[in-house]
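**Student:** I have a structure I would like to understand better, so I am pasting it below and will then ask my questions one at a time.
In my numbering, the protein residues as written are 1 to 277.
Spelled out as structure tokens, the structure:
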């Protein structure tokens, strides 16, 4: 594949409209991104939890240090991959429309083909006002029109009582009108809910893969266009590290690859927070 930024961006957009859904594994550093690209994945994303935790910070707090680490990773990936890459920027790291747009511009200049922008407030404090989030999305699209702008809707993410799908659909319509290219609704698991979103959202739908509940084949049958792994790979790698070290210490056989993953909350506690976005 050509490594020119223009072709990478065009190709990344096209992957959301291919015959099969785009499986997007999420990396947390250069080594994991390069390894995933070398393994033949069509594109690679970053995971905000993985990037934040790898630098000793909690996820979803809009921290300036995580913003710097995210941009630094994007810069290091420029020209290193054989496939497009997209960057998770949480909710824009606390910036207003112009600040988030400037970050999007910097990512585009770094060679990113897309970005993921969520409407959950930092610290898990509810959702961003829909109109304000649309303003942010519009500013991003104006500043970096070529990027695939994936609007994450957190109505069903890490909540005990999600609202009706009508609220999710209202946000999706607003964000698409503002210029988003795709919609991501993490926390949606049931086939019937996914079916409604696929039918009603007039853009490629992104679902977070849930082990034990989802298969790629089933999500493809439902019409999902993009399937993200989120922090799953990072948490699995961390659990494997702990399991291998413990096995060596106790003289036990090394654990088989592909085992269980640490929980999101476990990683957050390790870096000093019990809750995150």
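For every residue, glycine included, the Cβ atom is placed at its ideal position computed from N, Cα and C.
Measure the CB-CB distance between residue 213 and residue 189 and report whether it falls below 9 Å.
**Tutor:** Within the chain shown, the letter at position 213 stands for residue 213. Within the chain shown, the letter at position 189 stands for residue 189. Yes, they are a contact pair.
**Student:** According to the Cβ coordinates, are residue 51 and residue 73 closer than 9 Å?
**Tutor:** Working through the chain shown from its first residue, we reach residue 51 at position 51. Working through the chain shown from its first residue, we reach residue 73 at position 73. For residue 51 and residue 73, yes; Cβs fall inside 9 Å.
**Student:** To the nearest angstrom, how far is it from the Cα of residue 171 to the Cα of residue 161?
**Tutor:** In the chain shown, counting from the first residue as 1, residue 171 sits at position 171. In the chain shown, counting from the first residue as 1, residue 161 sits at position 161. If you take the alpha carbons of residue 171 and residue 161, they lie about 18 Å apart.
**Student:** Under 9 Å between the Cβ atoms of residue 32 and residue 233?
**Tutor:** Taking the chain shown and counting its residues from 1, one reaches residue 32 at position 32. Taking the chain shown and counting its residues from 1, one reaches residue 233 at position 233. Contact flag set, yes.
**Student:** If contacts are defined as beta-carbon pairs under 8 Å, then residue 121 and residue 137 qualify, I think. What distance do you get, rounded to the angstrom?
**Tutor:** Working through the chain shown from its first residue, we reach residue 121 at position 121. Working through the chain shown from its first residue, we reach residue 137 at position 137. That pair is no contact at about 16 Å.
**Student:** Grab the span of the beta strand (DSSP E) containing residue 184 for me, first residue to last.
**Tutor:** As a first step, residue 184 must be located in the chain shown, where it is residue number 184. 182 to 184 is the extent of the beta strand (DSSP E) around residue 184.
**Student:** Which full runs of the beta strand (DSSP E) of 3+ residues lie inside the region 96 to 179, going along the chain?
**Tutor:** Taking only runs of at least 3 residues, the beta strand (DSSP E) segments lying wholly in the region 96 to 179 are 114 to 118 and 148 to 152.
**Student:** How long is the line joining the alpha carbons of residue 40 and residue 26, rounded to whole angstroms?
**Tutor:** Indexing the chain shown from 1 puts residue 40 at position 40. Indexing the chain shown from 1 puts residue 26 at position 26. Near 14 Å, if we compare the C-alpha coordinates of residue 26 and residue 40.
**Student:** Which class does residue 4 belong to by DSSP, given the choice of helix, strand or coil?
**Tutor:** Here residue 4 refers to the residue found at position 4 when the chain shown is read from its first residue. Residue state, collapsed to three classes: coil.
**Student:** Contact between the region 245 to 255 and the region 218 to 227 is defined here as three or more beta-carbon pairs at a separation below 8 Å; is this criterion met?
**Tutor:** Taking 8 Å as the limit for Cβ pairs, the verdict is that the region 218 to 227 does not touch the region 245 to 255.
**Student:** May I ask which residues mark the beginning and end of the alpha helix (DSSP H) holding residue 236?
**Tutor:** Here residue 236 refers to the residue found at position 236 when the chain shown is read from its first residue. Residues 232 to 250.
**Student:** Just to confirm, is the Cβ distance from residue 30 to residue 77 under 9 Å?
**Tutor:** Counted from its first residue, the chain shown places residue 30 at position 30. Counted from its first residue, the chain shown places residue 77 at position 77. For residue 30 and residue 77, yes; Cβs fall inside 9 Å.
**Student:** Does the beta-carbon of residue 18 have 16 or more other beta-carbons within 10 angstroms, so that it is buried, or is it exposed?
**Tutor:** Position 18 of the chain shown holds residue 18. Under this definition residue 18 is an exposed residue.
**Student:** Who are the Cβ neighbours of residue 105 in its own chain at under 7 Å, not counting the five residues just before and after it?
**Tutor:** Position 105 of the chain shown, counted from the first residue, corresponds to residue 105. Taken in chain order, the residues that qualify are 143 and 144.
**Student:** Taking residue 109 as the reference, which of 124, 133 and 71 has the closest Cα?
**Tutor:** The count along the chain shown starts at 1 and reaches residue 109 at position 109. Here the closest residue by C-alpha is 71.
**Student:** Name the residue from 117, 123 and 223 whose alpha carbon lies nearest to the alpha carbon of residue 192.
**Tutor:** The residue labelled residue 192 in the question sits at position 192 within the chain shown. Comparing Cα-Cα distances from residue 192 to each of 117, 123 and 223, the minimum goes to 223.
**Student:** Measure from the alpha carbon of residue 82 to the alpha carbon of each residue in 111, 64 and 61, then state which is nearest.
**Tutor:** As a position in the chain shown, residue 82 is number 82, starting the count at 1. Taking only the C-alpha atoms, the option nearest residue 82 is 111.
**Student:** What residue does the beta strand (DSSP E) around residue 46 start on, and which one ends it?
**Tutor:** By 1-based counting over the chain shown, the position of residue 46 is 46. Taken as a continuous stretch (DSSP letters only), the beta strand (DSSP E) holding residue 46 covers 44 to 46.
**Student:** Tell me which residue opens and which closes the alpha helix (DSSP H) that residue 205 is part of.
**Tutor:** One-based indexing of the chain shown puts residue 205 at position 205. Careful: residue 205 lies outside any alpha helix (DSSP H), inside the beta strand (DSSP E) at 205 to 208.
**Student:** How far does the alpha helix (DSSP H) with residue 199 in it extend, from its first residue to its last?
**Tutor:** Start at 1 with the first residue of the chain shown, and residue 199 comes out as number 199. 191 to 200 is the extent of the alpha helix (DSSP H) around residue 199.
**Student:** Run the CB neighbour count on residue 265, radius 10 Å, all protein chains shown included, and call it buried at 16 or more, exposed below.
**Tutor:** Position 265 of the chain shown holds residue 265. So residue 265 counts as exposed.
**Student:** Who are the Cβ neighbours of residue 176 in its own chain at under 8 Å, not counting the five residues just before and after it?
**Tutor:** Residue mapping note: residue 176 aligns to position 176 of the chain shown, counting from 1. Hits under 8 Å: 151, 183, 201, 202 and 203.
**Student:** Please classify residue 24: is it buried, with 16 or more other beta-carbons within 10 angstroms of its beta-carbon, or exposed?
**Tutor:** The residue given as residue 24 occupies position 24 in the chain shown. Residue 24 is buried by the Cβ-count criterion.
**Student:** Classify residue 64: buried if its beta carbon has 16 or more other beta carbons within 10 angstroms, exposed otherwise.
**Tutor:** Stepping through the chain shown from its first residue, residue 64 is reached at position 64. By the neighbour-count rule (16 or more Cβ atoms within 10 Å), residue 64 is not buried but exposed.
**Student:** Please go through the same chain and pick out, in chain order, the residues whose beta-carbon is closer than 8 Å to the beta-carbon of residue 55, but skip the five residues on each side of it.
**Tutor:** What you label residue 55 is simply residue 55 of the chain shown in a count that begins at 1. Around residue 55: 65, 66 and 69.
**Student:** Candidates 157, 135 and 196: which alpha carbon is nearest residue 165's?
**Tutor:** For this step, residue 165 is matched to residue 165 along the chain shown. Considering only alpha carbons, the answer is 196.
**Student:** Whose C-alpha, out of 22, 174 and 96, is nearest the C-alpha of residue 45?
**Tutor:** For the purposes of this step, residue 45 is taken as residue 45 along the chain shown, with counting starting at 1. Of the candidates 22, 174 and 96, the one whose C-alpha sits nearest the C-alpha of residue 45 is 22.
**Student:** Give me the Cβ distance between residue 159 and residue 115, rounded to the nearest whole Å; I'm assuming they're in contact under 8 Å.
**Tutor:** Taking the chain shown and counting its residues from 1, the one referred to as residue 159 is at position 159. Taking the chain shown and counting its residues from 1, the one referred to as residue 115 is at position 115. Not confirmed; about 24 Å, so no contact.
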